[in-house]
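What follows is a short report on a single structure.
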Amino acid sequence: MIQPNLLYPNPIQMWLQWNYKVYFKKIIIKYFLKYNKYIINQLIMINNANILFIGIFLFEFIVDVFFTEETIKCINSKKSLDDKIELYSIIYFHHMLSVFIIFGWMLTNIKLLILYIFMTIGTIISWSFNNGLCYLTVMENMKCHWVKTKPFNHVFSIFNIPINKKTNKYFIGYTIFGLLVAMYKIIY
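Under our numbering, the first residue of the sequence shown is numbered 16, with each subsequent residue one higher.
Structure representation (structure tokens):
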């Protein structure tokens with residue numbers, strides 16, 4: 016008798032069996048299997064915040080991957096499918112986190128709000144150690160052989176909103192506002 020998983024192998028298991036950069040793949044797969052299903056199930060519940068979250072995430076990801084010249088060149092420069100999958104995974108995960116950190120305070124689920132608070136604080140700590148760049152931005156810049164200080168292509172940069180001392184005050188205020196709203200929703 017043939018085992019059913021041989022007839023229809025799990026693509027995630029096949030991907031992990033490749034010997035190239037297995038450690039990174041295991042981290043990505045572990046995260047997606049553990050958290051992505053829960054987050055997606057919570058986001059499927061239709062409400063305005065979820066529609067905004069999913070819409071901005073898809074917009075950011077599609078613009079970055081299909082319309083940003085630098086990213087297209089980087090993806091096309093990767094020779095192996097494995098390298099392309101790794102880069103797409105970093106970009107996908109980065110955009111998901113970016114939108115979650117910017118708009119996560121609008122969600123209503125308590126567990127997601129707690130995750131939002133920790134992710135936002137963790138990102139701020141990461142910025143302080145990486146000269147204003149998130150760890151995923153540093154990793155993406157290294158994979159694409161870009162300048163180390165190249166900022167991430169998030170929703171603000173897509174709309175050409177500059178990040179300077181003046182706008183930085185607004186971003187800090189917005190972040191503090193989001194954290195306070197999330198804490199309020201958790202407490203009350």
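We treat Cβ as the ideally placed atom computed from N, Cα and C, and that holds for glycine.
Computed from a prediction, not measured in an experiment: that's the story for all the values here.
In the three-state reduction of the DSSP assignment, S172 falls in the helix class. Per DSSP, N146 lies in no alpha helix (DSSP H) and is assigned neither H nor E. Y189 is classed as exposed because its beta carbon has fewer than 16 other beta carbons within 10 Å across all chains shown. Comparing alpha-carbon positions, the option among C159, S141, F167 lying closest to T152 turns out to be F167. Here the segment 175–185 does not lie against the segment 103–115, with fewer than 3 beta-carbon pairs under 8 angstroms apart. Assigned with DSSP and collapsed to three states, Y199 falls in helix. In this structure L112 touches M134 by the C-beta definition: roughly 7 angstroms separates them, less than 8 angstroms. In the displayed model, I69 falls within a helix according to three-state DSSP.
The three-state reading of DSSP puts S95 in coil, since its state is none of H, G, I, E or B.
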